[in-house]
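Notes follow the structure.
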Amino acid sequence: MTALQGETMRILKTLFLMWLAVSFCGCSREYRDDLDYSYGVVQTWPMESLLFGDLVQFESVPLDLDETESLRKLIIDDSIAANRNVLEVGTGTGLIAILCLQNEASRVVAIDWNPAAVANARYNAAALDSEANLEVRPTGRKKAVFSGVQEKEKFDLVIVNFSDAIPPVVAGNEVAKSEIDDHDVWRDALLDQLKSHLSVGGRCLFIVHDKQAITRLVDAAEGENYQTKVLDSRDWETLEREIRPSMVVEIRVAANAEIVAEGEFISPPSTQ
């Protein structure tokens, strides 16, 4: 194959994927230079909770609706994002970020370490008329959790798709220790940096579907002087290891914790 033929095939493939994405989306939007059409479409998901169309899932972008079911109910029924400045860590398809905006969030920043997810979330935001007040940014992994967030940027609500970060249990076997260690590094880095990005009175919600991960998260968070609460009526300690639908774990800065002000940690005034 000549170089010209190879380039022609590449262009044809790109055009085909663009057509496929538009066909799956069920819309006839024009091509945009600021969107990435190079990823194939795995599936479209009709969802009553989303306005203006269906959710599109790109290849290599995971989507498990059981993971976000409990959180989506909180966003829709309890208006937890309304009038709030929101950060979503691990946005994937952009479902939660878009749902927050469509349920009156003031502003949403969505970050992900997967380039396909960044492209997917931007595509869905455009297709679902939800680009206003939404920024989708790439970020790092492990200790660089908040590399996509500005140093002094703060949020009223931080949402973490913790389930995506949990190493899977394959055929009932325990995961390798190195995978658990990598996960713990990511979690600890997030908790360590979280105080710098939470507004006063803000909270962080973790989506977790693994019983052991809830235990480890709660222990690590309380060790960092956070207050924790599982926002679910089920007794998670009596459930099987894999929890479906996933649970939401709330983390708040403890009342006696140090507060970040102008980049410095200060202790809150005594209430006595």
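Residue numbers (the numbering used here): 27 to 298.
Using N, Cα and C, we set each Cβ at its ideal position, and we do this for glycine too.
Assuming residue i and residue j make a contact with CB atoms under 8 Å, what is their CB distance in whole Å?
i, j, result
"A147", "D155", "Actually they do not touch by this definition, with Cβ atoms about 14 Å apart."
"E85", "A151", "Not really, about 18 Å apart at Cβ, beyond 8 Å."
"V244", "D258", "Not really, about 13 Å apart at Cβ, beyond 8 Å."
"V134", "L160", "5 Å"
"F181", "V112", "6 Å"
"I185", "V115", "7 Å"
Which same chain residues, not among the five before or five after residue i, have their C-beta less than 8 Å away from its C-beta?
i, result
"R167", "W139, W212"
"I101", "A107, I122, L125, C126, N129"
"E74", "none"
"N109", "E130, A131, S132"
"S105", "N129, E130"
"N210", "The sequence shown places Asp at residue 210, not Asn. Contacts found: R242, A246."
"A158", "L127"
Is residue i helix, strand or coil by DSSP?
i, result
"S225", "strand"
"L81", "strand"
"D104", "coil"
"F181", "strand"
"V171", "coil"
"T165", "coil"
"Q219", "helix"
"V68", "strand"
"V87", "coil"
Spatial neighbours of residue i within its chain, please: C-beta separation below 7 Å, excluding the five flanking residues on both sides.
i, result
"F50", "Confidence at F50 is low in this model, with a pLDDT of 46, below 50, so the placement of that residue should be treated as unreliable; the coordinate-derived value is given next. So the list reads V67, T70, V82, once near-sequence residues are dropped."
"G174", "I137, R163, P164, T165"
"V87", "G118, T119, N140, A142, A143, N146"
"A246", "R213, D214, L217"
"L61", "R148, Y149, A152"
"Q219", "V171, F172"
"R98", "S75, L125"
"F78", "L154, D155"
"E248", "T254"
CB-CB under 6 Å to residue i, same chain, minus the five flanking residues each way: which ones, in chain order?
i, result
"E95", "P271"
"F188", "F232, I233, V234"
"P72", "D80"
"E250", "L217"
"D92", "R270, P271"
"R267", "K237"
At a threshold of 7 Å, does residue i count as lining the ligand GDP (C-beta to nearest heavy atom)?
i, result
"N146", "The ligand GDP is not among the ligands present in this structure, which contains no ligands whatsoever."
Within the stretch 110-159, ranges of the alpha helix (DSSP H) (whole runs, at least 4 residues)
121-128, 141-153
Examine the Cβ distances between the stretch 272-283 and the stretch 224-234 and report whether three or more of them are shorter than 8 Å.
With contact defined as three or more Cβ pairs closer than 8 Å, the stretch 272-283 and the stretch 224-234 are in contact.
Can you list, in chain order, the stretches of the alpha helix (DSSP H) that have 4 or more residues and sit fully within the stretch 232-284?
237-249
Contact between the stretch 236-251 and the stretch 262-276: three or more CB pairs below 8 Å?
yes
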